[in-house]
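Report on one structure; see the data block that follows.
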Amino acid sequence: MAIRDRVGEVTERIVKRSHDSRSAYLERIGKAADQGPQRSRLSCGNLAHGFAACGLSDKAALSGDVVPNLGIITAYNDMLSAHQPYETYPDLIRQAAREVGAVAQVAGGVPAMCDGVTQGQDGMELSLFSRDVIAMAAAVGLSHQMFDAAVFLGICDKIVPGLTIAALSFGHLPAVFIPAGPMTTGISNDEKAKVRQLYAEGKVGRDALLESESKAYHSPGTCTFYGTANSNQMLMEIMGLHMPGASFVNPGMPLREALTKEAAKRALAISALGNEFTPAGEIINEKAIVNGVVGLHATGGSTNHTMHLVAMAAAAGIRLTWDDISDLSDVVPLLARVYPNGKADVNHFQAAGGLAFLIRELLGDGYLHQDVKTVYGSDLSGYTVEAKLDADGNVIRDPAPQISGDETVLAPADKAFQPTGGLKMLTGNIGKAVIKISAVAKERHIIEAPARVFHSQEAFLKAFSNKELNGDVAAVVRFQGPKACGMPELHKLTPSLGILQDRGHKVALITDGRMSGASGKVPAAIHVTPEAANGGPIAKIQDGDLIRINAVTGELTVLVDEAEFDARPVAQEDLSHHQFGVGRDLFAAFRANVGTADAGAHVFDV
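Residues 26 to 631 in my numbering are what the sequence shown spells out, letter by letter.
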């Protein structure tokens, strides 16, 4: 089917806006690709260092330029459940490379932070900046110029965006992303959330809370709710950087191992020494970015990607804006109900037909660009398949099911859960912000409530604990932006806000910080920019001001006389306590140079 008018219009304006920067990027990676295998330019001493630790056969292979060498960038650690399975992947990848007469080496490791561990803690102030650190760390690994292609082992929150930025910085090299899959289903996410709320009300103790959390997060693999980590996996597949059907296969399954080896072999096949040279910088073009945004809306994905996608696109010379994201949200239907947008988890989504079904439906209705390059070698129609194993243990692919296995979880396009996407952009005299409405009841899409201003999440929680919040409230939590303190997620506020809402009050959150990709039922205007630390209007709001959030029209307004509001002083805050401890002193340059949320909140000059 022909592409929908709005999707085509948004794509075309991105192409026009990006013309100069994209042309310069393609010229740069084209020159790098034309120089041929990087190892040919290394001195004998350089090369000897590069393969000193290899076995004799690999040394012999790498001494010339005719055998491809696959670089492995790994985000493995065994503290992060989603990344623990990566411990064994380098050996699998080396084995796969040798089976096709090639070599594979771990080029470098990158940090992998677990936001679940740092939620509500000081370490969360390093979380967003870790994305840029990951990009730089991966670049260090690839800078040895020993490699003809790369595979990237990463799944969670800031890790995949950081790895994508690095892959695009080395856009002359082919890049395949290899997932490890979600953990199997534990207790339901809905049950977990109820226990958290009971704990916040003081109705259950810490023992009950820890038991509940341990049953939810119980094994290796990605957390099963549809937050940033699983949104990352959707993006890598719908933008053509995964092998088809790879995203949501559980760790430890024979299919998971087979897909890993297949991905390694495919990365080598699409290197300049293979037969189908496909550099990463050509895969991620304007159409691929639009496909990613469409996928985000159709699945009710993480609000974090309103920043990550902007930063990822910029790394390829593509200028994506919040207006583009908002305009696509107005026309892309919501086809998935996965917690926090529903009660199902990502395993249920996969069983109902998963990304294969979703991509086929979106392609068939003209919401996705089919004519894109992918690591698989096909256009996007090649991703409307499910991966399986044949009797010999080889990966095979069957067409996506014609009918959803559960239409309460995954809907066909003609039975969409709602006609618009899960994300909405807000503008007004407070600034610009993002709201996720796919999990918010319709009667709460418009909220007017008096402001109560806080300069930390701890201050809000103290007020809640002291029973000071007994009516309608628009909680303004400011000085949480990237310049102020690294823009931590404020997911710790969710249970308390949910309790207030369940008591029948009109409740909303307005913040220049972030909420988790798992943010749910409470209306939250997040990523407010300009932030308070930059003197943004959010710093002028006072207790008692009436605030309007209208997610239907996209309005974020403080209902104060314009002249009075303009004349108000900008609130100040001593932020020195955010500058030290848990490594925060090392990130002063990041806080000083970070861009705004709507520009991707990154430190790179791209």
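The C-beta atom is built at its ideal place from N, Cα and C for all residues, glycine as well.
Restricted to the stretch 160-240, the alpha helix (DSSP H) segments that are unbroken, complete and at least 4 residues in length are 184-194, 214-225, listed in chain order. When rounded, the separation of the alpha-carbon atoms in G277 and R528 is 44 angstroms. Here F605 carries a coil assignment [DSSP, helix/strand/coil].
For R477, the uninterrupted beta strand (DSSP E) run begins and ends at 471-479, by DSSP. Between the stretch 510-517 and the stretch 142-151 there are three or more inter-stretch CB-CB distances shorter than 8 angstroms, so the stretches are counted as touching. For Q130, the enclosing beta strand (DSSP E) covers residues 128-134. In the DSSP assignment, E34 falls within the unbroken alpha helix (DSSP H) covering 30-42.
DSSP places P424 in the uninterrupted beta strand (DSSP E) bounded by 420-424. Annotated three-state conformation of N316 is helix, per DSSP. Beta-bridge annotation (DSSP): L435 is paired with A361. The beta carbon of V315 sits closer than 6 angstroms to those of T36, all from its chain and outside the five residues before and after it, given in chain order. A direct Cα-Cα distance of roughly 20 angstroms separates P204 from V158. Rounded to the nearest whole angstrom, the CA to CA distance from L405 to K228 is 50 angstroms. Secondary-structure assignment with DSSP links M450 through a beta bridge to V459. Taking the CA atoms as reference points, T445 sits about 5 angstroms from P358.
Below 8 angstroms, too few C-beta pairs join the stretch 224-244 and the stretch 370-377 to call them touching: fewer than three. About 4 angstroms separates the beta carbon of A289 from that of A121, a gap short enough to meet the 8 angstroms contact definition. Using a Cβ distance threshold of 9 angstroms, A100 and I184 count as a contacting pair. Per DSSP, reduced to three states, the secondary structure at Q109 is helical.
Minimum Cα-Cα distance from P186 among the listed residues A163, G96, A174, A576 corresponds to A163. At a cut-off of 3 residues, the continuous stretches assigned as beta strand (DSSP E) that sit fully inside the stretch 549-592 are 549-554, 571-575, 580-583.
Taking all protein chains in view, the Cβ of K487 is surrounded by fewer than 16 other Cβ atoms within 10 Å, so the residue is classified as exposed. Comparing alpha-carbon positions, the option among F195, D103, Q597, G379 lying closest to C139 turns out to be D103. Taken through DSSP and simplified to helix, strand or coil, N102 comes out as coil. Between the stretch 209-225 and the stretch 328-344 there are fewer than three inter-stretch CB-CB distances shorter than 8 angstroms, so the stretches are not counted as touching.
According to the DSSP assignment, T285 belongs to the alpha helix (DSSP H) that extends over 279-294. Residue environment: A592 is assigned as exposed (fewer than 16 neighbouring CB atoms within 10 Å of its CB, all protein chains considered). In the three-state DSSP reduction, A377 falls in the helix class (H, G or I). In the same chain as P245, and ignoring 5 residues on each side of it, the C-beta atoms closer than 6 angstroms to its own belong to S106, Q109, P110, P276, in chain order.
Partner residues in the beta bridge of G96, as assigned by DSSP, are Q130, A175. In chain order, E311 place their CB closer than 7 angstroms to the CB of V40, counting only its own chain and leaving out the 5 sequence neighbours on each side. Per the Cβ contact rule, the stretch 462-469 is not in contact with the stretch 485-499 (fewer than 3 Cβ pairs under 8 angstroms). Annotated three-state conformation of V142 is helix, per DSSP. Per the DSSP secondary-structure output, L414 pairs in a beta bridge with V420.
In the DSSP annotation of this structure, V628 is not part of any alpha helix (DSSP H), being labelled neither H nor E.
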